[in-house]
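Asker: Quick one: this structure, given as structure tokens, is what I'll be asking you about.
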Amino acid sequence: MNKTTKSIIKIVIALFVFVISFNTRSFGAHCENIVVVIDPGHGGDSLGGNYEDRIERDINLITAFAMRDRLEQYDGVDVYVTRENNTDKEMTRKERFDFAKKVNADFLFSIHYNMSEYHTLFGSEVWIPSKGNNYVLGYQFATIEMKALTELGLFDRGIKNKLDKNKSGEYYGILKYSEEYDIPAVIIEHCHLDEERDSAFWNEEAYKRFGVTDADCVAKFFKLSSQSLGIDNSTFENIAVSKPTGRADRDYTDPEYCDITVDDAGEQATNVTVHVKAADWDNYIQYYQYSVDGGNTFSRLEAWDDRSSEEQIFDLDKTQGYDMDIIVRTLNKYDLYTQSESVHVAGLPLPEIEEDITESESVPDRQYDTVEIKTNKEKSSEKDFPPIYVFLVTLIVLFITFNILFAVSVSRKKKRKRRKKAVKKPVDDEFDLDILE
Numbered sequence: 000m001n002k003t004t005k006s007i008i009k010i011v012i013a014l015f016v017f018v019i020s021f022n023t024r025s026f027g028a029h030c031e032n033i034v035v036v037i038d039p040g041h042g043g044d045s046l047g048g049n050y051e052d053r054i055e056r057d058i059n060l061i062t063a064f065a066m067r068d069r070l071e072q073y074d075g076v077d078v079y080v081t082r083e084n085n086t087d088k089e090m091t092r093k094e095r096f097d098f099a100k101k102v103n104a105d106f107l108f109s110i111h112y113n114m115s116e117y118h119t120l121f122g123s124e125v126w127i128p129s130k131g132n133n134y135v136l137g138y139q140f141a142t143i144e145m146k147a148l149t150e151l152g153l154f155d156r157g158i159k160n161k162l163d164k165n166k167s168g169e170y171y172g173i174l175k176y177s178e179e180y181d182i183p184a185v186i187i188e189h190c191h192l193d194e195e196r197d198s199a200f201w202n203e204e205a206y207k208r209f210g211v212t213d214a215d216c217v218a219k220f221f222k223l224s225s226q227s228l229g230i231d232n233s234t235f236e237n238i239a240v241s242k243p244t245g246r247a248d249r250d251y252t253d254p255e256y257c258d259i260t261v262d263d264a265g266e267q268a269t270n271v272t273v274h275v276k277a278a279d280w281d282n283y284i285q286y287y288q289y290s291v292d293g294g295n296t297f298s299r300l301e302a303w304d305d306r307s308s309e310e311q312i313f314d315l316d317k318t319q320g321y322d323m324d325i326i327v328r329t330l331n332k333y334d335l336y337t338q339s340e341s342v343h344v345a346g347l348p349l350p351e352i353e354e355d356i357t358e359s360e361s362v363p364d365r366q367y368d369t370v371e372i373k374t375n376k377e378k379s380s381e382k383d384f385p386p387i388y389v390f391l392v393t394l395i396v397l398f399i400t401f402n403i404l405f406a407v408s409v410s411r412k413k414k415r416k417r418r419k420k421a422v423k424k425p426v427d428d429e430f431d432l433d434i435l436e
């Protein structure tokens, strides 16, 4: 065997080993169990999102445990969780990846729930690495996950990237260490804990259901099957994703345009129809909101019905006596917006008030001009006395009357005594009677 033949054989063997290694890393055919690390975000004093009675740190654990229990029912997978309780100290991101490296993890799934600064956003999103094969794997999994969350009834906020301020590395620490340790990872933001349109998912049953959904998505991604669950994912195919040259970055530009026209059927029409035309050529339009007072206040965010369409139509009710200055904002996947010009619409006219005056109620011309002017003294004399004053006056009158009567009674007694002293009685009454007879 000459040197050329040996070289060719070595090259073929090296290519074979590379292909096998790549396929194993790409989670196709594999001999050993897939190793999955589930990382419940926050912990210790780090509460994460904290709104009313909902604490993200605790909810993340509920979802992570449900995900682990479900995933362990699949064949060919080993499952680990980075923390089992809310310890006194939060794990650092490096410690989480030290743990993942120790168990030789094939993928780390960071479990989270979301909040927004003004409590206006709703729905789910997945953040993925921006570079290399980890971007490809992250995007493939995120596609499965977002489809499943949307089927649960959540609004799809998209698959996203974010770089640091220098645009030289990952913004999120989990994804930064994912790159450093070369362990694929994604951040799953299941729903928002502070916006009412996600309120159907604010209960323990829903948190556990998210974990089951996550596990089933992981099983599809890795082509795992389960005899006990009766699920076969062996033929599942992940979507084809191109590896980015350099780093994939988010969109930093507002939507290209936002224009509106208003259909008004006239003064008596009770509503108007607003036609919005908008586009964002770097991604898509995701929300819209409107103002009827020229931009001083805006409505809550509404979902753009069809992301493939550049038109949205909605109706607004008119208000009696108030004109409208209508403005619309359209927001893209990264919540950047473009605002339309204002369109003025007259409100509904106020109803006319007719006075119903009969002949018997008619008065001479300008009779209403005659006004009786009274002095302050006259006005005060017409005021009703409060009940307490009447009571006091009555009490005083009774007291004076009692004293007068008492004085009169005493005076009469004294007079009678004086009279008795002045008249002398006879010694013998009978004698007097005889004399009288």
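Under numbering that gives the first Met the number 0, the first residue of the sequence shown carries the number 0, and numbering increases by one thereafter. Using N, Cα and C, we set each Cβ at its ideal position, and we do this for glycine too.
Express the C-alpha separation of Lys166 and Phe108 in angstroms, rounding to a whole number.
Answerer: Using only the alpha carbons, I get a separation of about 24 Å.
Asker: Going by CA-CA distance only, name the one from Pro183, His343, Ser290, Pro39 that's closest to Ala221.
Answerer: Here the sequence assigns Phe to residue 221, which means Ala is not the residue at that position. Ranking Pro183, His343, Ser290, Pro39 by Cα distance to Phe221 puts Pro183 first.
Asker: With C-beta atoms as the reference, is Asn237 less than 7 Å away from Ser224?
Answerer: Contact flag unset, no.
Asker: Would you kindly check if the distance between the Cβ of Gly210 and the Cβ of Ala65 is under 7 Å?
Answerer: Yes, the pair counts as a contact, with Cβ atoms nearer than the cut-off.
Asker: Going by C-alpha to C-alpha distance, which of Asn133, Glu51, Glu144 sits closest to Ile110?
Answerer: The shortest C-alpha separation from Ile110 is found at Glu144.
Asker: By Cβ distance, which residues of its chain are closer than 7 Å to Asn270, with the 5 residues on each side in sequence left out?
Answerer: Contacts found: Asp314, Leu315, Asp316, Lys317.
Asker: For the beta strand (DSSP E) that contains Ala184, what are its first and last residues?
Answerer: Its beta strand (DSSP E) spans residues 184-191.
Asker: With distances taken between CB atoms, is the gap from Glu310 to Tyr287 smaller than 7 Å?
Answerer: Contact: no.
Asker: Go through its chain and collect everything with a Cβ distance to Leu397's Cβ below 8 Å, but skip five positions before and after it.
Answerer: Nothing meets the Cβ criterion.
Asker: Got a sec? Which residues, its chain only, sit under 7 Å from Gly293 by beta carbon, not counting five neighbours each side?
Answerer: Hits under 7 Å: Asp324, Ile326, Ser341.
Asker: What first and last residue would you give for the alpha helix (DSSP H) that runs through Leu70?
Answerer: Residues 55-70.
Asker: Tyr206 and Ile54: beta carbons closer than 7 Å?
Answerer: No. Outside cutoff.
Asker: Identify the continuous beta strand (DSSP E) that holds Arg315 and give its terminal residues.
Answerer: In the sequence as displayed, the identity of residue 315 is Leu instead of Arg. Unbroken beta strand (DSSP E) run through Leu315: 310-316.
Asker: How is the beta strand (DSSP E) around Ser290 delimited, first residue to last?
Answerer: Residues 284-290.
Asker: Quick check on Phe96: buried or exposed, where buried means 16 or more other Cβ atoms within 10 Å of its Cβ?
Answerer: By the neighbour-count rule (16 or more Cβ atoms within 10 Å), Phe96 is buried.
Asker: So, using beta-carbon positions, are Val185 and Phe235 closer together than 7 Å?
Answerer: No, the Cβ-Cβ distance between Val185 and Phe235 is not below 7 Å.
Asker: Counting only the same chain and skipping the five closest in sequence on each side, list residues whose C-beta sits under 7 Å from that of Arg246.
Answerer: Cβ neighbours of Arg246 beyond the five flanking positions: Ser129, Lys130, Leu162.
Asker: Measure the alpha-carbon distance for Glu124 versus Asp87 and round it to whole angstroms.
Answerer: Each residue's alpha carbon lies about 29 Å from the other.
Asker: For His191, count neighbouring Cβ atoms within 10 angstroms of its own Cβ and tell me buried if that reaches 16, exposed if not.
Answerer: With 16 or more Cβ atoms within 10 Å of its Cβ, His191 is classed as buried.
Asker: On the criterion of 16 or more Cβ atoms from any shown chain inside 10 Å, does Ala277 qualify as buried, or is it exposed?
Answerer: Buried, since its Cβ has 16 or more Cβ neighbours within 10 Å.
Asker: Which residue wins for smallest C-alpha separation from Gly137, given the options Thr252, Ala239, Leu404?
Answerer: Of the candidates Thr252, Ala239, Leu404, the one whose C-alpha sits nearest the C-alpha of Gly137 is Ala239.
Asker: So, Gln72 versus Leu228, is the Cβ gap smaller than 7 Å?
Answerer: Contact flag set, yes.
Asker: Identify, in the order they occur along the chain, each residue of the same chain with its Cβ nearer than 7 Å to the Cβ of Glu381, setting aside the five sequence neighbours on each side.
Answerer: A caution first: Glu381 carries a pLDDT of 47, below 50, which makes its placement in the model unreliable, though a value can still be read off. Nothing listed; no residue qualifies.
Asker: Does the separation of the CB atoms of Arg306 and Tyr283 fall below 7 Å?
Answerer: Yes, the pair counts as a contact, with Cβ atoms nearer than the cut-off.
Asker: Please classify Pro348 as buried or exposed, where buried requires at least 16 neighbouring CB atoms within 10 angstroms.
Answerer: Per the 10 Å Cβ criterion, exposed.
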